[in-house]
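To start, the structure itself, in structure tokens.
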Amino acid sequence: MDIEKPISALNNPVRRRILEWLKDRSNFPPALPGHEDLEGVCVAYIQEKAKLSQSTISNYMGLLKQAGFVIAERHGQWTFYRRDEENIQAFLAAVQDELLKP
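According to the UniProt record's numbering, the sequence shown is numbered sequentially starting from 1.
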């Protein structure tokens with residue numbers, strides 16, 4: 001696994017905070033009507049919580065997606081994000097291997 005993109009994505013406190021917030025859906029308002037069964041959080045809720053512009057949040061979420069930390073699903077006009085726990089674990093293992101290998 002190439003760890004450069006993920007490390008770069010984590011080199012921002014707001015992006016790290018977003019990943020932390022996404023661990024628990026209750027960090028955000030209730031799901032939009034008709035979206036209660038969907039996994040993830042609407043990007044508008046992430047933007048509201050982060051208090052940043054739509055373009056900045058879109059950029060941040062794109063970087064987190066490219067790094068493999070989040071999965072994006074489009075539903076109508078909304079994009080929902082959730083953590084990709086499997087890729088997060090793979091990244092952590094790759095960092096550990098690189099830093100601890102003899």
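We put the CB at the ideal spot given by N, CA and C, even for glycine.
On the DSSP letters alone, give me the boundaries of the beta strand (DSSP E) that R83 sits inside.
Mapped onto the sequence shown, residue 83 falls at position 83. R83 -> beta strand (DSSP E) spans W78 to R83.
Counting only runs of 4+ residues fully inside the stretch 25 to 97, write out the alpha helix (DSSP H) ranges in chain order.
The qualifying runs are 43 to 50 and 54 to 66.
By the 10 Å Cβ neighbour count, where 16 or more other Cβ atoms means buried, how is A67 classified, buried or exposed?
Within the sequence shown, the letter at position 67 stands for residue 67. Looking at its Cβ environment, which holds 16 or more other Cβ atoms inside 10 Å, A67 is buried.
Within the continuous alpha helix (DSSP H) that includes P6, where are the two ends?
For the purposes of this step, residue 6 is taken as the residue at position 6 of the sequence shown. Here the alpha helix (DSSP H) through P6 covers E4 to A9.
Between the Cα of E4 and the Cα atoms of L100, F91 and P102, which residue gives the shortest distance?
For the purposes of this step, residue 4 is taken as residue 4 along the sequence shown, with counting starting at 1. Nearest of L100, F91 and P102 to E4, Cα basis: F91.
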